[in-house]
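Asks: Before I ask anything, here is the structure I am working with.
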Amino acid sequence: MKPGLICAAALALALTLAPGGLAVAGSHRATVDRPDVSPEHQVHLVYAIPKSGKDRRRDVDGTIASSFEIANVWLANQTGGLRLRLDRLADGIVDVTFVELSQTNRQIRRAGAWARDEIEKEINALGFNAPNKVYLAYYEGSSTFACGGSAWPPKLKGNTAALYLATFINGVPCYSGLSGAGDPPRYGEFSAIHEIIHTLGLVAECAPHHTRAGHSSDGNKDLMYAGPLPLEPSRVDSERDDYFGHGIAGCPDLARSAFVEPAVAMPELPPEWLAGVRCTYLGYGKRECE
Ligand SMILES: [Zn+2]
Numbered sequence: 341m342k343p344g345l346i347c348a349a350a351l352a353l354a355l356t357l358a359p360g361g362l363a364v365a366g367s368h369r370a371t372v373d374r375p376d377v378s379p380e381h382q383v384h385l386v387y388a389i390p391k392s393g394k395d396r397r398r399d400v401d402g403t404i405a406s407s408f409e410i411a412n413v414w415l416a417n418q419t420g421g422l423r424l425r426l427d428r429l430a431d432g433i434v435d436v437t438f439v440e441l442s443q444t445n446r447q448i449r450r451a452g453a454w455a456r457d458e459i460e461k462e463i464n465a466l467g468f469n470a471p472n473k474v475y476l477a478y479y480e481g482s483s484t485f486a487c488g489g490s491a492w493p494p495k496l497k498g499n500t501a502a503l504y505l506a507t508f509i510n511g512v513p514c515y516s517g518l519s520g521a522g523d524p525p526r527y528g529e530f531s532a533i534h535e536i537i538h539t540l541g542l543v544a545e546c547a548p549h550h551t552r553a554g555h556s557s558d559g560n561k562d563l564m565y566a567g568p569l570p571l572e573p574s575r576v577d578s579e580r581d582d583y584f585g586h587g588i589a590g591c592p593d594l595a596r597s598a599f600v601e602p603a604v605a606m607p608e609l610p611p612e613w614l615a616g617v618r619c620t621y622l623g624y625g626k627r628e629c630e
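Going by this note's numbering, 568 is the number at position 228 of the sequence shown; the sequence numbering is gapless.
In structure tokens, the structure reads:
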């Protein structure tokens with residue numbers, strides 16, 4: 341299996357993006373996961389810069405929170421109201437944490453297809469290893485290989501997805517800004533949801549249209565498509581047969597995930613996720629559990 345989830349370099353070619361990223365109300369920078377108001381399974385957002393890297397303050401200016409909220413509204417529109425549960429503060433503000441990695445961007449890039457694994461290893465070592473959370477790192481650096489990456493359990497166990505914000509593929513930027521209030525979702529927003537869905541173990545190999553390690557062959561309008569065409573998503577498993585609402589027993593399904601809200605009756609964890617157990621992920625599919 342190809343490691344690190346390619347999330348098709350070709351996808352970048354779909355970009356015809358205008359600059360974006362409106363700021364919302366400023367907030368103080370947090371370098372730790374702030375106290376939770378919900379014990380439910382949830383997605384925690386991280387703004388990660390490489391050692392000595394440029395700090396664009398996307399955590400405190402609201403860019404990351406706004407972008408993910410736009411992405412999540414789009415997801416809800418495709419799924420009949422179901423969305424990913426975010427780690428929020430008591431006032432509803434999204435809890436975004438800032439971290440500076442111990443590796444430079446040059447070092448991260450050297451990992452090639454495994455850049456995400458290096459980021460996962462670093463943020464887990466910093467304490468981002470809660471048993472009820474998966475993490476999405478908005479990485480202010482670049483990859484030689486792809487626009488983003490994710491775990492894909494059970495084949496690639498992990499708790500972290502990453503968007504490599506400064507990446508160019510074939511001279512084209514993956515992300516020409518993240519969307520802000522009033523903007524439609526664009527590549528950065530689709531990519532965030534796409535990568536988190538991988539982290540939940542989707543698209544699983546039991547899906548009829550599974551292809552290319554976690555993707556769907558069901559056309560490039562599907563959010564989880566991978567193939568020769570540019571990704572232009574306008575739907576989430578619209579035939580309800582691969583990763584959302586398929587009803588196939590024993591086959592992972594976003595509609596039954598413990599990480600979505602409103603909460604479902606019999607929530608399911610990602611494949612081989614150990615319920616209630618704190619695991620520290622080391623990248624490369626490895627973990628140490630207490
Ligand atoms: Zn992918």
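Yeah, the Cβ is synthetic: ideal placement off N, Cα and C, and Gly gets one too.
1. Using 9 Å as the threshold, is the C-beta distance between His549 and Asn472 below it?
2. Looking at C-alpha atoms only, which residue of Glu612, Pro602 and Glu462 is the closest neighbour of Gly421?
3. So does Ala566 have its beta carbon nearer than 8 Å to some heavy atom of ligand 1?
4. With His384 and Asp427 assumed to form a contact (beta carbons below 8 Å), what rounded beta-carbon distance in angstroms separates them?
5. For a test of the three-state rule: what should DSSP assign to Glu628, helix, strand or coil?
6. In this structure, what does DSSP give as the bridge partners for Val474?
7. Pull up the distance between the alpha-carbon of Gln447 and that of Met606, whole angstroms please.
8. Flag this pair as touching only if the region 451-461 and the region 476-485 have three or more C-beta atom pairs under 8 Å; answer yes or no.
9. Identify which residue in Leu466, Ala388 and Pro379 has its Cα closest to the Cα of Leu429.
10. Closer than 8 Å: is that where the CB of Gly541 sits relative to any heavy atom of ligand 1?
11. Looking only at C-alpha atoms, which of Tyr621, Gly520 and Glu545 sits nearest to Asp399?
12. In the DSSP assignment, what residue or residues form a beta bridge with Gly488?
13. Looking only at C-alpha atoms, which of Leu466, Asp431, Trp414 and Leu415 sits nearest to Thr371?
14. Does the beta carbon of Asp427 come closer than 9 Å to any beta carbon on chain C?
15. Tell me the rounded alpha-carbon separation between Val364 and Pro524.
16. Can you give me the C-alpha to C-alpha distance between Gly590 and Trp492, rounded to a whole angstrom?
17. Taking its Cβ as the centre, do 16 or more other Cβ atoms sit within 10 Å of Pro568, making it buried, or is it exposed?
18. How about Gly489 and Ala501: are their beta carbons less than 9 Å apart?
19. Could you pull out every residue in the same chain whose Cβ sits closer than 8 Å to the Cβ of Arg618, ignoring the five residues on either side in sequence?
20. Closer than 8 Å by C-beta to Tyr565: which residues in its own chain qualify, once you throw out the five before and the five after it? Chain order, please.
21. Helix, strand or coil for Glu633? Go by DSSP, reduced to three states.
22. In terms of alpha-carbon separation, which member of Tyr621, Gly616, Leu594 and Thr620 lies closest to Glu608?
23. Here's the rule: buried if 16 or more other CB atoms are within 10 angstroms of the residue's CB, otherwise exposed. What is Pro592?
24. Taking 8 Å as the line, does the beta carbon of His534 fall inside it for any heavy atom of ligand 1?
25. Does the beta-carbon distance from Glu460 to Gly393 come in below 9 Å?
26. Which same chain residues end up closer than 7 Å to Arg423 when comparing Cβ atoms and leaving out the 5 residues on each side of it in sequence?
27. Once you ignore the five residues that flank Pro494 on each side, which residues in its own chain have a CB closer than 6 Å to its CB?
28. Within a Cβ cutoff of 8 Å, which residues of the same chain sit near Lys626, ignoring the five residues on either side of it in sequence?
29. Considering only their Cβ atoms, is the gap separating Ala486 from Ser407 smaller than 9 Å?
30. Which one of Arg374, Gly585, Ile509 and Ala615 has the shortest CA to CA distance from Asp431?
Replies: So, from the data block:
1. Cβ atoms of His549 and Asn472: not closer than 9 Å.
2. Closest by alpha carbon: Pro602.
3. Yes.
4. About 4 Å separates the beta carbons of His384 and Asp427, which is inside the 8 Å limit, making them a contact pair.
5. In the displayed model, Glu628 falls within a strand according to three-state DSSP.
6. According to DSSP, Val474 bridges with Val383.
7. When rounded, the separation of the alpha-carbon atoms in Gln447 and Met606 is 42 Å.
8. Output reads yes: the region 476-485 touches the region 451-461.
9. For the residues Leu466, Ala388 and Pro379, the minimum Cα distance to Leu429 belongs to Pro379.
10. No, the Cβ of Gly541 stays beyond 8 Å of every heavy atom of ligand 1.
11. Answer by Cα proximity: Gly520.
12. Beta-bridge pairing links Gly488 to Leu503.
13. Nearest of Leu466, Asp431, Trp414 and Leu415 to Thr371, Cα basis: Leu466.
14. The chain labelled as chain C is not found in the depicted structure, where only one protein chain is given.
15. Since pLDDT at Val364 reaches only 41, below the 50 mark, its modelled position is unreliable, and no value is offered.
16. One C-alpha to the other measures close to 16 Å.
17. Exposed.
18. Yes, the pair counts as a contact, with Cβ atoms nearer than the cut-off.
19. Leaving aside the five residues that flank Arg618 on each side, the residues in its chain whose CB is nearer than 8 Å to its CB run, in chain order, Asn469, Ala470, Pro471, Cys629 and Glu630.
20. Once the five neighbours on either side are set aside, the close Cβ partners of Tyr565 are His555, Ser556, Ser557, Asp558, Gly559, Leu571 and Pro573.
21. Past the boundaries of the shown model lies residue 633; the chain is included only from 341 to 630, so the question cannot be answered.
22. Of the listed residues, the one whose Cα sits closest to Glu608 is Leu594.
23. Its Cβ being crowded by 16 or more others within 10 Å, Pro592 is buried.
24. Between ligand 1 and the CB of His534, the shortest heavy atom gap is smaller than 8 Å.
25. Cβ atoms of Glu460 and Gly393: not closer than 9 Å.
26. Asn412, Leu415, Ala416, Val600 and Glu601, listed in sequence order.
27. Answer for Pro494: Pro611 and Glu612, listed in chain order.
28. Excluding residues within five positions, the ones whose Cβ falls inside 8 Å are Lys497.
29. Contact: no.
30. When each option's Cα is compared against that of Asp431, the closest is Arg374.
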